[in-house]
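Asker: FYI, the numbering for the sequence shown is 8 to 576, going by my numbering. Even glycine gets a Cβ: it sits at the ideal position worked out from N, Cα and C. If you're wondering where the values come from, they're calculated on a predicted model, not measured in any experiment. Please see the structure below; I have some questions.
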Amino acid sequence: MQKMVLIFVLLTLQSGLLLAQQTREEKLAQLRQRKDIKVTEVEKDIIKIEYPNGKTILKNIADYQPPTTYNQPTYSPTFDSTIIDLRTIDTTLYYQKYSFWQEVLLGSLDYEPMIGDINNNGLPEIYGQQYNADTSRITAMEMDSNGKFNNVYYNDSAQIVKSIYDIDKDGGKELQLGSNGILEQYPGNSYLFYKKQSDSSLATQLSFIFYRFGGQQENNYFGDWDSDNYTDWIFVDISVLPSINIYEFNPSINYFDSVYNYDFGNNYYGGFAIGDFDQDEKTEFLGGSIQGDVVSIGNNGNNSYGVNWNGSVETYNAYLATQTNDLDGNGKDEIWIMGQAFYNGIPKTRITIFESLANNYYYAVGRIDLVGVFSFDAGNVQSLDVDKDGKDEVMICIDANVIILKFTGSTNDQKYEVYYIKQNSIPGIYYFGATMYDLDNDGKEEIIISMQNYPNTGYRLLSDIYKPDSTTNVINEITETPENYSLYQNYPNPFNPTTIIKWQSPVNDFVKLKVFDLLGREVATLINEYKEAGTHSVEFNASGLPSGVYFYSIQIGNYVETRKLILQK
8 MQKMVLIFVL LTLQSGLLLA QQTREEKLAQ LRQRKDIKVT EVEKDIIKIE
58 YPNGKTILKN IADYQPPTTY NQPTYSPTFD STIIDLRTID TTLYYQKYSF
108 WQEVLLGSLD YEPMIGDINN NGLPEIYGQQ YNADTSRITA MEMDSNGKFN
158 NVYYNDSAQI VKSIYDIDKD GGKELQLGSN GILEQYPGNS YLFYKKQSDS
208 SLATQLSFIF YRFGGQQENN YFGDWDSDNY TDWIFVDISV LPSINIYEFN
258 PSINYFDSVY NYDFGNNYYG GFAIGDFDQD EKTEFLGGSI QGDVVSIGNN
308 GNNSYGVNWN GSVETYNAYL ATQTNDLDGN GKDEIWIMGQ AFYNGIPKTR
358 ITIFESLANN YYYAVGRIDL VGVFSFDAGN VQSLDVDKDG KDEVMICIDA
408 NVIILKFTGS TNDQKYEVYY IKQNSIPGIY YFGATMYDLD NDGKEEIIIS
458 MQNYPNTGYR LLSDIYKPDS TTNVINEITE TPENYSLYQN YPNPFNPTTI
508 IKWQSPVNDF VKLKVFDLLG REVATLINEY KEAGTHSVEF NASGLPSGVY
558 FYSIQIGNYV ETRKLILQK
């Protein structure tokens, strides 16, 4: 029976490896067949994608060619890389960590969901566009005490939710919405800032309208980066006047003053990773471009900013960035720059991880390749401590994937594994973005995915919410006798080099627990002894084995079960 179970698992794996992959030409053909967006090639290998809400993005679809002249990447002597093939990954190894909770009938077209508790009642609101409506109505749905979301706010003056932040530092958060002229209420790309009328109200009172010629703003971030107690604002303008801009809020006129402008011409930047990465007590902003260039803009004092470093990454469309809290313990925060390109026709999302080498100088210390993914819709990244171990994980939403990456390396050793992945396989469903937020205030963040259901039900925006499994990271020795046999999925998986395997038995009996390779050869015996009834666990150390797929099998009397595990060095 043990051999039959192992053969079945092997056949299942082999069938998964035969799944078709989409090449560059196939993805472009699929994109151009869609009726919900407009696709135009503005120059060779540069396409413009226009969405119903007026948003425009630019993508470089050329096969990647490394730069030959300037800004060559500099690599650390300990540079390491991780390769994760999303075409063949076994998502059944991760599904148990999060389960579907509910669907909220609003979404955010080509953005991650915007969530906050503006009225301070302990119940979060999700902001987005109304379900099965046109792009003219912004809606907020608030969670009630039973965990269900209900409509609490409508706005007919805007199409896009941009941010939630206390702009004027009065203790109440403002709501920023975007209007791009489709409704003809405001000129061009106008940004509407709404205030609260009381401590317990939502932000419904229009405070001011920000407008600058040109106008489509991406990558909005707020902070006080020059420490003068006024809110600073950085964003990218990718329309008529392509540039990176920094403004500062002026409370005396209830408006933003321009502080800094970096004109990047036709190179089109995104970003940013924000922090004091070179530890000079001044803030840096690092972002990447459509051609793979990377720029660092640094604060030089009160209302003073300038470019202090230029570099590159070996990819295109490097629009996404974040920072993590010194994962490898060497005293330096990491900078993540994420881009996408085709390599000999094969799509890859490439993450380059930088650290500071000296003041205003950075080099690459790690790389993560997500093979098989080039996104024309979803694209956002968020760093947070998902498993509460004191170190950030990184959540990424790209194409039809929501992925959480976990650091598994050591000092100056950048290695990562998949902590969780969800892949959409439903035709007509397009992910636009995801965020993690503790909706029910239990100390664990839910995953909220904004998506469009088209053409299955017409133009409809939705947000699906997934709750974490409270038992995911806990392995306990249970003293009471279980009612049946069970072999649990090892954790972590994939792993390097150790993982925990847990099982339970309702009877006292002799237990055999062994590990096999793909050819069915035994590579390790973990348990070969009499065990009392109960729940047990054992650590498997695979430091002497090569990377690959293995199987672990348990036999207790007539009970036999086999599971798959992945060693990823």
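If you follow the alpha helix (DSSP H) that A210 is in, where does it begin and where does it stop?
Answerer: What you label residue 210 is simply residue 203 of the sequence shown in a count that begins at 1. Note, A210: premise wrong, no alpha helix (DSSP H); beta strand (DSSP E) at A210 to Y218.
Asker: Flag this pair as yes or no: are the beta carbons of Y426 and P499 separated by less than 9 Å?
Answerer: For the purposes of this step, residue 426 is identified with residue 419 of the sequence shown, where counting begins at 1. For the purposes of this step, residue 499 is identified with residue 492 of the sequence shown, where counting begins at 1. Against a cut-off of 9 Å, the Cβ pair of P499 and Y426 comes out as a contact.
Asker: Which residues mark the beginning and the end of the alpha helix (DSSP H) in which E32 is found?
Answerer: Indexing the sequence shown from 1 puts residue 32 at position 25. Start and end: R31 to Q40.
Asker: Which same chain residues end up closer than 6 Å to E539 when comparing Cβ atoms and leaving out the 5 residues on each side of it in sequence?
Answerer: In the sequence shown, residue 539 corresponds to position 532, counting from 1. The residues are N515.
Asker: Where does the unbroken beta strand (DSSP E) through P354 begin, and where does it stop?
Answerer: Residue mapping note: residue 354 aligns to position 347 of the sequence shown, counting from 1. That run of the beta strand (DSSP E) goes I353 to A365.
Asker: Under DSSP, the beta strand (DSSP E) around K519 begins and ends at which residues?
Answerer: As a first step, residue 519 is located in the sequence shown; it is residue number 512 there, counting from the start. Here the beta strand (DSSP E) through K519 covers D516 to F523.
Asker: Three or more C-beta pairs closer than 8 Å, one from the stretch 371-388 and one from the stretch 92-106: is that the case here?
Answerer: yes
Asker: How should I433 be labelled, buried or exposed, when 16 other C-beta atoms within 10 angstroms of its C-beta is the threshold for buried?
Answerer: The residue labelled residue 433 in the question sits at position 426 within the sequence shown. Per the 10 Å Cβ criterion, exposed.
Asker: Any contact of the stretch 394-404 with the stretch 300-320, i.e. 3+ C-beta pairs under 8 Å?
Answerer: no
Asker: First and last residue of the beta strand (DSSP E) that includes G346?
Answerer: Here residue 346 refers to the residue found at position 339 when the sequence shown is read from its first residue. Here the beta strand (DSSP E) through G346 covers E341 to Y350.
Asker: Can N274 and D300 be called in contact, C-beta distance under 9 Å?
Answerer: Here residue 274 refers to the residue found at position 267 of the sequence shown. Here residue 300 refers to the residue found at position 293 of the sequence shown. The answer is yes: Cβ separation under 9 Å.
Asker: Whose C-beta lies closer than 6 Å to the C-beta of N503 among residues of the same chain, with five residues either side of it excluded?
Answerer: Numbered from 1 along the sequence shown, position 496 holds the residue referred to as residue 503. Residues of the same chain with a CB within less than 6 Å of the CB of N503, apart from the 5 flanking positions on each side, are T415, Q575 and K576 in chain order.
Asker: Return the chain-ordered list of same chain residues with a C-beta closer than 7 Å to the C-beta of F15, the five sequence neighbours on each side being excluded.
Answerer: Residue mapping note: residue 15 aligns to position 8 of the sequence shown, counting from 1. Unreliable positioning characterises F15 in this predicted model, as indicated by a pLDDT of 36, which lies under 50. A coordinate reading is not provided.
Asker: Between which two residues does the beta strand (DSSP E) harbouring W510 extend?
Answerer: The count along the sequence shown starts at 1 and reaches residue 510 at position 503. Start and end: T505 to S512.
Asker: Rounded to whole angstroms, what is the Cα-Cα separation between F107 and S470?
Answerer: In the sequence shown, the residue the question calls residue 107 occupies position 100. In the sequence shown, the residue the question calls residue 470 occupies position 463. Approximately 11 Å, taken between the alpha carbons.
Asker: Span of the beta strand (DSSP E) holding S470?
Answerer: Counting from 1 along the sequence shown, the entry for residue 470 is found at position 463. Here the beta strand (DSSP E) through S470 covers R467 to P475.
Asker: Would you give the residue range spanned by the beta strand (DSSP E) that Q109 belongs to?
Answerer: Against the sequence shown, residue 109 aligns to sequence position 102. Q109 -> beta strand (DSSP E) spans Y105 to V111.
Asker: Roughly how many whole angstroms lie between the Cα atoms of I260 and S208?
Answerer: For the purposes of this step, residue 260 is taken as residue 253 along the sequence shown, with counting starting at 1. For the purposes of this step, residue 208 is taken as residue 201 along the sequence shown, with counting starting at 1. Near 24 Å, if we compare the C-alpha coordinates of S208 and I260.
Asker: On the DSSP bridge assignment, give the partners of E291 in chain order.
Answerer: Walking along the sequence shown from the start, residue 291 turns up at place 284. In the DSSP output, where bridge partners are listed per residue, E291 has G282 and G305.
Asker: Is the beta carbon of K62 closer than 9 Å to that of Q223?
Answerer: Counting from one through the sequence shown, the residue named residue 223 turns up at place 216. Counting from one through the sequence shown, the residue named residue 62 turns up at place 55. Yes, the Cβ-Cβ distance between Q223 and K62 is below 9 Å.
Asker: Considering only C-alpha positions, which residue in the set N153, K34 and G114 is nearest to Q166?
Answerer: For the purposes of this step, residue 166 is taken as residue 159 along the sequence shown, with counting starting at 1. Residue G114 is the option with its Cα nearest to Q166.
Asker: Name the two residues that bound the continuous beta strand (DSSP E) containing Q459.
Answerer: By 1-based counting over the sequence shown, the position of residue 459 is 452. Per DSSP, Q459 belongs to the beta strand (DSSP E) from E453 to N460.
Asker: Give me the Cα-Cα distance between I358 and N535, rounded to the nearest whole angstrom.
Answerer: By 1-based counting over the sequence shown, the position of residue 358 is 351. By 1-based counting over the sequence shown, the position of residue 535 is 528. Each residue's alpha carbon lies about 43 Å from the other.
Asker: Under 8 Å, with one C-beta from each stretch per pair, do the stretch 336-353 and the stretch 45-62 reach the 3-pair mark?
Answerer: no
Asker: In chain order, what residues of the same chain have a beta carbon less than 8 Å from the beta carbon of N236, not counting five sequence neighbours either side?
Answerer: The residue given as residue 236 occupies position 229 in the sequence shown. The answer, listed in chain order, is K176.
Asker: Could I get the ranges of all uninterrupted alpha helix (DSSP H) runs contained in the stretch 41-92, with 4 residues as the minimum, in chain order?
Answerer: Listed in chain order, nothing qualifies, since the stretch 41-92 has no complete alpha helix (DSSP H) run of 4 or more residues.
Asker: Mind checking whether Y276 and Y71 have CB atoms under 9 Å apart?
Answerer: Taking the first residue of the sequence shown as position 1, residue 276 is located at position 269. Taking the first residue of the sequence shown as position 1, residue 71 is located at position 64. Against a cut-off of 9 Å, the Cβ pair of Y71 and Y276 comes out as no contact.
Asker: Residues bridged to D420 by DSSP?
Answerer: If you number the sequence shown from 1, residue 420 lands on position 413. S417, per the DSSP bridge assignment.
Asker: If you compare alpha carbons, which of V266, P120 and I454 is closest to Y102?
Answerer: The sequence position of residue 102 within the sequence shown is 95, counting from 1. For Y102, the nearest C-alpha among the options comes from I454.
Asker: If you follow the beta strand (DSSP E) that F439 is part of, which residue opens it and which one closes it?
Answerer: The residue labelled residue 439 in the question sits at position 432 within the sequence shown. Where F439 is concerned, the enclosing beta strand (DSSP E) stretches over I436 to Y444.
Asker: Quick one, which of E225, S83, N67 and T331 has its alpha-carbon nearest Y368's?
Answerer: Numbered from its first residue, the sequence shown carries residue 368 at position 361. The residue with the shortest Cα to Cα distance from Y368 is S83.
Asker: If we count the other Cβ atoms within 10 Å of its Cβ and call it buried at 16 or more, is D52 buried or exposed?
Answerer: If you number the sequence shown from 1, residue 52 lands on position 45. Exposed: under 16 other Cβ atoms inside 10 Å.
Asker: Taking the C-alpha atoms as reference points, what is the distance between D333 and I96?
Answerer: Locating residue 333 in the sequence shown gives position 326, where the first residue counts as 1. Locating residue 96 in the sequence shown gives position 89, where the first residue counts as 1. Spanning the two alpha carbons is a distance of roughly 28 Å.
Asker: Tell me which residue opens and which closes the beta strand (DSSP E) that A371 is part of.
Answerer: Your numbering for residue 371 matches position 364 in the sequence shown. Its beta strand (DSSP E) spans residues Y368 to V378.
Asker: Quick one: residues in its chain with C-beta nearer than 7 Å to the C-beta of L38, no 5 flanking neighbours on either side, listed in chain order?
Answerer: Translated into positions along the sequence shown, residue 38 becomes position 31. Counting only Cβ-Cβ distances below 7 Å, and skipping sequence neighbours, we find V46 and F383.
Asker: Find out if the Cβ-Cβ distance for the pair Y444, I456 is shorter than 9 Å.
Answerer: Position 437 of the sequence shown, counted from the first residue, corresponds to residue 444. Position 449 of the sequence shown, counted from the first residue, corresponds to residue 456. It is not a contact, given that the beta carbons lie outside the stated cut-off.
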